[in-house]
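**Student:**
There are 2 protein chains.
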Amino acid sequence: MILCDVGNTSYHFLDGDRDYKQSVKTFNPHAITERVYYICVNPHAKKILDTLANWIDLSRHMDMSFYYDTMGIDRIVACEAISDGVIVDAGSAITVDVVENGVFQGGFIYPGTKAMSQTYKTISSALDYQFNYDLDLSKLPKNSQDAISYGYLKILYSEVISHARDIYLTGGDANKLNAIFPHAKIDETLIFKGMRKIIDKI
Amino acid sequence: MILCDVGNTSYHFLDGDRDYKQSVKTFNPHAITERVYYICVNPHAKKILDTLANWIDLSRHMDMSFYYDTMGIDRIVACEAISDGVIVDAGSAITVDVVENGVFQGGFIYPGTKAMSQTYKTISSALDYQFNYDLDLSKLPKNSQDAISYGYLKILYSEVISHARDIYLTGGDANKLNAIFPHAKIDETLIFKGMRKIIDKI
Numbered sequence: 242m243i244l245c246d247v248g249n250t251s252y253h254f255l256d257g258d259r260d261y262k263q264s265v266k267t268f269n270p271h272a273i274t275e276r277v278y279y280i281c282v283n284p285h286a287k288k289i290l291d292t293l294a295n296w297i298d299l300s301r302h303m304d305m306s307f308y309y310d311t312m313g314i315d316r317i318v319a320c321e322a323i324s325d326g327v328i329v330d331a332g333s334a335i336t337v338d339v340v341e342n343g344v345f346q347g348g349f350i351y352p353g354t355k356a357m358s359q360t361y362k363t364i365s366s367a368l369d370y371q372f373n374y375d376l377d378l379s380k381l382p383k384n385s386q387d388a389i390s391y392g393y394l395k396i397l398y399s400e401v402i403s404h405a406r407d408i409y410l411t412g413g414d415a416n417k418l419n420a421i422f423p424h425a426k427i428d429e430t431l432i433f434k435g436m437r438k439i440i441d442k443i
Numbered sequence: 242m243i244l245c246d247v248g249n250t251s252y253h254f255l256d257g258d259r260d261y262k263q264s265v266k267t268f269n270p271h272a273i274t275e276r277v278y279y280i281c282v283n284p285h286a287k288k289i290l291d292t293l294a295n296w297i298d299l300s301r302h303m304d305m306s307f308y309y310d311t312m313g314i315d316r317i318v319a320c321e322a323i324s325d326g327v328i329v330d331a332g333s334a335i336t337v338d339v340v341e342n343g344v345f346q347g348g349f350i351y352p353g354t355k356a357m358s359q360t361y362k363t364i365s366s367a368l369d370y371q372f373n374y375d376l377d378l379s380k381l382p383k384n385s386q387d388a389i390s391y392g393y394l395k396i397l398y399s400e401v402i403s404h405a406r407d408i409y410l411t412g413g414d415a416n417k418l419n420a421i422f423p424h425a426k427i428d429e430t431l432i433f434k435g436m437r438k439i440i441d442k443i
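Just so you know, the protein sequences line up as chains A and B, in that order. Note that the first sequence covers residues 242 to 443 in the working numbering. Note that the second sequence covers residues 242 to 443 in the working numbering.
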């Protein structure tokens, strides 16, 4: 069984135990002739996948009533994977979703590391620094790199911690955020767990 | 006495009681022949102003020892204006600085409303929403506009509030942020108060 999570920048596959990514810019989904269960947040890719009979859109096979209409299917499926906790999915955006007793409580969207780094740089060349993930979050900064890192990371940290639940870190930048959430469970295949749960119910 | 705070996008003047702005793109500082006391964070404008004898750079007339080397002079001068509180200066960036007994405690830098709005839009067209400043900050969102607004505003709010001090709102977007900080003192001329204090000591 092949699973695929199609994002804004890549097709993320799980084929048996092997997970790998292909760029949305270069990958041709016609290349796969086996059955693929997928979810997709990328409108352009979605149009192509809709025409392929062997690509099964899992969003058509699940109960969406606990979620809201415009919520990304990747967030929904990650929520389906756990019964309690805060999911921090760090991709091109960072989505933070809270689940309690298997029910979605709400969530928010924050810019991903790359986008936010670009944002500071665009505001002023004086703000063109790499984020310091080893920043001491308990102290107000007194240098530019930390002032930006704190602005990006500390306030995300405080909000996530405030929910006092297990933290699940997933997405391409999960490892970066692990520095500020050292007790989080890193699970880069969380979304595939959610997909498997949905497939089991079909 | 004419005061001027030169930012990344505009020259902000205070001439007597009248404050007005000129775009950095079109304003020619040679046009003013009177003495102008100024501060400037804009490297391009700084080069021009350095050549004009009637433009007095206040950064050369103050004790910087409490601040850090690369800290924007606009943040420093705003800190000089108060003795206790959190200053939220909402311009192209939002700077948040804490002052206790007249001493700078540290601060951080967050993207301004325009830059952050652009950031979400750049990540995905599905995130192209206006921020909802009237968002209920006590509830996790269940719609896209609020998910983005919460990501931008709630976590800024929580951090600012956590310092448990008077909040001073200044900068071009002070009025927008007033919705989330209803008890803040709005003072669009805070920086000019800091400049006057420095001039008094020269």
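Note that beta-carbon positions come from the ideal geometry of N, C-alpha and C, so glycine has one too. Note that this is a predicted model, so its numbers are computed, not measured.
Give the residues of chain B in contact with residue 321 of chain A, contact being defined as C-beta atoms less than 8 Å apart.
**Tutor:** Here the premise fails: no neighbours, minimum Cβ distance about 16 Å.
**Student:** Of all the CB atoms in chain A, is at least one closer than 9 Å to the CB of residue 349 of chain B?
**Tutor:** Yes, because at least one Cβ of chain A sits closer than 9 Å to the Cβ of residue 349 of chain B.
**Student:** Looking at the unbroken beta strand (DSSP E) that takes in residue 236 of chain A, where does it start and where does it end?
**Tutor:** The question about residue 236 of chain A has no answer, for chain A in this structure spans 242 to 443.
**Student:** Should residue 333 of chain B go down as buried or exposed, given a rule of 16 or more other Cβ atoms within 10 Å for buried?
**Tutor:** When all chains shown are included, residue 333 of chain B counts as buried.
**Student:** Straight-line CA distance for residue 359 of chain A to residue 443 of chain A?
**Tutor:** For residue 359 of chain A and residue 443 of chain A, the distance between alpha carbons rounds to 42 Å.
**Student:** Identify whether residue 374 of chain A lies in helix, strand or coil by the three-state DSSP scheme.
**Tutor:** Here residue 374 of chain A sits in coil by DSSP.
**Student:** Residues in the segment 334-345 of chain B with C-beta within 7 Å of chain A's C-beta atoms, listed in sequence order?
**Tutor:** If the cut-off is 7 Å between Cβ atoms, the segment 334-345 of chain B has 334, 339 near chain A.
**Student:** Measure from the C-beta of residue 329 of chain A to each C-beta in chain B and report whether the shortest distance is under 9 Å.
**Tutor:** Judged by the 9 Å Cβ criterion, residue 329 of chain A is not in contact with chain B.
**Student:** Can you tell me the Cα-Cα spacing of residue 257 of chain B and residue 275 of chain B, whole angstroms?
**Tutor:** In a straight line, the C-alpha of residue 257 of chain B is about 13 Å away from that of residue 275 of chain B.
**Student:** Tell me whether residue 409 of chain A sits in a helix, a strand or coil according to DSSP, three-state version.
**Tutor:** DSSP places residue 409 of chain A in strand when its eight states are reduced to three.
**Student:** Just to confirm, is the Cβ distance from residue 431 of chain B to residue 280 of chain B under 9 Å?
**Tutor:** Contact flag unset, no.
**Student:** Is there contact here, the segment 307-324 of chain A with the segment 336-353 of chain A, by at least three beta-carbon pairs under 8 Å?
**Tutor:** Taking 8 Å as the limit for Cβ pairs, the verdict is that the segment 336-353 of chain A does touch the segment 307-324 of chain A.
**Student:** Determine the closest residue to residue 278 of chain A out of A/247, A/288, A/259, A/266, with distance taken between C-alpha atoms.
**Tutor:** Among A/247, A/288, A/259, A/266, the Cα nearest to that of residue 278 of chain A belongs to A/247.
**Student:** Check the Cβ of residue 391 of chain B against every Cβ in chain A and list those closer than 7 Å, keeping chain order.
**Tutor:** What residue 391 of chain B touches in chain A: 349.
**Student:** For residue 432 of chain B, go through chain A and note every residue whose CB falls closer than 8 Å to its CB, in chain order.
**Tutor:** Within chain A, no residue comes near residue 432 of chain B; the closest Cβ sits about 17 Å away, beyond 8 Å.
**Student:** Closer than 8 Å between beta carbons: that is the criterion. Which residues of the segment 255-289 of chain A meet it against chain B?
**Tutor:** Correct list: 282, 284.
**Student:** Ignoring anything shorter than 4 residues or poking outside the segment 275-353 of chain B, list the alpha helix (DSSP H) runs there in chain order.
**Tutor:** Listed in chain order, the complete alpha helix (DSSP H) runs (minimum 4 residues) inside the segment 275-353 of chain B are 284-290, 314-322.
**Student:** Using 9 Å as the limit for Cβ to Cβ distance, is residue 382 of chain A near chain B?
**Tutor:** It does; some Cβ of chain B falls within 9 Å.
**Student:** Distance cutoff 9 Å, beta carbons only. Does residue 249 of chain A sit that close to anything in chain B?
**Tutor:** True, the Cβ-Cβ gap to chain B drops below 9 Å.
**Student:** If you measure from the beta carbon of residue 299 of chain B to each beta carbon in chain A, is any gap under 9 Å?
**Tutor:** Not closer than 9 Å to any Cβ of chain A, the Cβ of residue 299 of chain B fails to qualify, so no.
**Student:** Using a Cβ-Cβ cut-off of 9 Å, state whether residue 291 of chain B counts as contacting chain A.
**Tutor:** Chain A, which has no Cβ nearer than 9 Å to the Cβ of residue 291 of chain B, makes this no.
**Student:** At least one CB of chain A closer than 9 Å to the CB of residue 395 of chain B: is that the case?
**Tutor:** For residue 395 of chain B, the answer is yes, since a Cβ of chain A falls inside 9 Å of its Cβ.
**Student:** For a contact meaning CB atoms closer than 7 Å, what does residue 400 of chain A contact in chain B?
**Tutor:** The contacting residues are 395, 396, 399.
**Student:** Apart from the five residues on each side of it in sequence, which residues of its chain come closer than 8 Å, Cβ to Cβ, to residue 288 of chain B?
**Tutor:** Hits under 8 Å: none found.
**Student:** Can you give me the C-alpha to C-alpha distance between residue 316 of chain B and residue 364 of chain B, rounded to a whole angstrom?
**Tutor:** The alpha-carbon atoms of residue 316 of chain B and residue 364 of chain B are separated by roughly 30 Å.
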